[in-house]
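The sequence shown begins at 151 in my numbering and counts up one residue at a time. A virtual CB, placed ideally from N, CA and C, is assigned to each residue, including glycine. Reviewing the structure listed below.
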Amino acid sequence: MVGLSRSRRSPSGGRVLAAAGGVVADRDALHLPGEHATPARVPWERVDAAEWDADAGTLTVTEVAPDVAAAPRHVVVVDEADPRARDRLLQVVRERVTASVVLQRHVRVVGRAGLHVVARRPPGGGALAWGFRFDVGIDPNDPAVRRVAADALARARDDVGA
């Protein structure tokens, strides 16, 4: 993938806020290089976590699970010669993801393990994006977990008036 300079546009046409190693951040989304010619576009409100592994030079982006299913994950090698560009990208990712959080609530299922109900708002405003994050050991396909998730989502929506 061709790197983009800050003066260029992102794959979706937005102004580039940061770019490194083929990963591009604009106002509305993170664009990740992949196997296809078109980069994967992950809106900020869908990013649950982004983890940088300095030893491997990889950025792992986990999306908020849109329902009670496994969350999509993207692992990208960030081959960037300029550490300032990489650091700027990581800073923008952290800021954008944090700014999107409206509500994050943990609900226990078994012992301390459970699920998180997450509400995020797109940068331009609009409807909240709702999703789940499951603790280790919690099976999102378990009918009991699905019931807890549905109840927790209903309470969270009611609490924020959605």
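Of the residues the options, which one's Cα is nearest the Cα of residue i?
i: E245; options: D176, R165, G164, R158; result: D176
i: D178; options: G171, P222, W194, G281; result: W194
i: A304; options: D292, G287, I288, G281; result: G281
i: V211; options: A199, P183, A263; result: A199
i: L265; options: V214, L239, H224, A168; result: V214
i: R262; options: P233, P293, I288; result: I288
i: R223; options: L240, E201, H256; result: E201
i: A277; options: A170, S250, V243; result: S250
i: D237; options: R297, G207, R255; result: G207
i: V260; options: A299, E230, L239; result: A299
i: G171; options: H256, R158, A294, L239; result: L239
i: A221; options: R297, R296, P290; result: P290
i: E230; options: A204, L180, V247; result: A204
Between residue i and residue j, which are expected to be in contact by the criterion C-beta below 8 angstroms, what is the C-beta distance as a whole number of angstroms?
i: L253; j: A235; result: Not a contact, Cβ separation roughly 33 angstroms.
i: V173; j: V226; result: 6 angstroms
i: V228; j: L209; result: 5 angstroms
i: V242; j: V257; result: About 31 angstroms; that fails the 8 angstroms criterion.
i: R271; j: A302; result: At roughly 19 angstroms, the Cβ-Cβ gap does not stay under 8 angstroms, so R271 and A302 are not in contact.
Is it right to say residue i is buried, meaning 16 or more other beta carbons lie within 10 angstroms of its own, or is it exposed?
i: G311; result: exposed
i: P189; result: buried
i: V166; result: buried
i: D308; result: exposed
i: P196; result: The sequence shown places Arg at residue 196, rather than the Pro named in the question. R196 is buried by the Cβ-count criterion.
i: G274; result: exposed
i: R283; result: buried
i: S155; result: Residue confidence for S155 is low, a pLDDT of 44 falling below 50, so the modelled location carries little weight; the figure read from the coordinates is stated next. It counts as exposed.
i: A168; result: buried
i: P183; result: buried
i: A306; result: buried
i: A294; result: exposed
Taking DSSP's pairing of strands, which residues face residue i in a bridge?
i: P193; result: A179
i: A200; result: V211
i: A168; result: A175
*Unbroken alpha helix (DSSP H) runs of length 4 or more, entirely within the stretch 206 to 294: which are they?*
233 to 250
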